[in-house]
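Asker: Pasting a structure below so you can have a look.
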Amino acid sequence: MHNALFAQRPLGPMLRRWRTLHRVKQTHAAELFGVAQSTISRWEAGVQDMQPDERLRAEALLHARLNSAADYALARLIETHPRAVHLVCDLTHRLLACSPARAAEFGLPMAQLMGQSLWRYATEAIAQREAALDALGWHDNLAPPGLEFSTGTNDSIVVPIRPSLCRWTRMTLSDGTAVRLVETLSAI
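Residues 0 to 187 in numbering that gives the first Met the number 0 are what the sequence shown lists, from first letter to last.
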């Protein structure tokens with residue numbers, strides 16, 4: 000159920016932000032996607048949904064990447080943090096950086112999880128919180144600086160989630176893409 004919730008998030012507003020940050024006109028974006036300029040306009044306005052293949056191309060274009068010295072410095076801070084924390088792309092939930100304490104919880108080596116989406120391991124509590132993000136203004140940078148909630152639990156041996164208090168903090172990388180810092184604050 001929660002995978003369907005994640006897949007439904009409209010990407011139009013993110014595409015508009017990407018175009019603005021990169022000074023790309025709708026006509027050029029239309030060429031990138033092989034659609035009419037009016038289609039880009041309808042996606043960005045939220046009037047038309049993307050087809051699955053268009054969505055995959057948009058996710059590939061819009062997902063967070065560590066590109067600059069500042070982005071890599073953030074990753075290094077996370078990779079040396081003493082508590083269980085990790086950084087994911089806010090759009091795709093791909094793992095970008097991880098502390099040793101968090102890596103010790105995983106059932107696979109970090110090399111196998113880095114760059115992979117962790118969404119498939121989400122609990123129902125996490126999926127419900129994710130579904131509420133738009134209403135909180137999360138994707139419009141209007142949400143509170145840190146969002147705390149109880150995670151629930153899953154039965155995964157790869158990325159086990161135990162009942163805990165968690166905090167999500169949304170941040171922006173140097174290229175304007177959004178990432179999410181995930182912190183375990185305490186066990187419940």
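By construction, the Cβ of each residue, glycine as well, lies at the ideal position given by its N, Cα and C atoms.
Return the chain-ordered list of same chain residues with a C-beta closer than 6 Å to the C-beta of Leu184, the five sequence neighbours on each side being excluded.
Answerer: Closer than 6 Å at the Cβ level, and outside the excluded window around Leu184, lie Leu164, Arg166.
Asker: Can you tell me where the beta strand (DSSP E) with Ser185 in it begins and where it stops?
Answerer: Counting along the chain, the beta strand (DSSP E) containing Ser185 begins and ends at 177-186.
Asker: Roughly how many angstroms lie between the CA atoms of Ala6 and Ala96, to the nearest whole one?
Answerer: Unreliable placement is indicated for Ala6, whose pLDDT of 49 sits below 50; the coordinate value is still reported in the next sentence. Looking at the two C-alpha atoms, the distance is approximately 23 Å.
Asker: Assuming Ser149 is part of the alpha helix (DSSP H), what are its boundary residues?
Answerer: From DSSP, Ser149 is part of no alpha helix (DSSP H) but of the beta strand (DSSP E) over 146-149.
Asker: Pull up the distance between the alpha-carbon of Met170 and that of Gly33, whole angstroms please.
Answerer: Met170 and Gly33: Cα-Cα distance of roughly 31 Å.
Asker: Let me know the secondary structure DSSP gives Leu86 once reduced to three states.
Answerer: Three-state result, Leu86: strand.
Asker: How should Asp89 be labelled, buried or exposed, when 16 other C-beta atoms within 10 angstroms of its C-beta is the threshold for buried?
Answerer: Counting Cβ neighbours within 10 Å, Asp89 comes out buried, since at least 16 surround it.
Asker: Please classify Arg169: does DSSP put it in a helix, a strand, or coil?
Answerer: Looking at Arg169 - three-state DSSP - the assignment turns out to be strand.
Asker: Which residues mark the beginning and the end of the alpha helix (DSSP H) in which Leu94 is found?
Answerer: Run containing Leu94: none in the alpha helix (DSSP H); it sits in the beta strand (DSSP E), 94-97.
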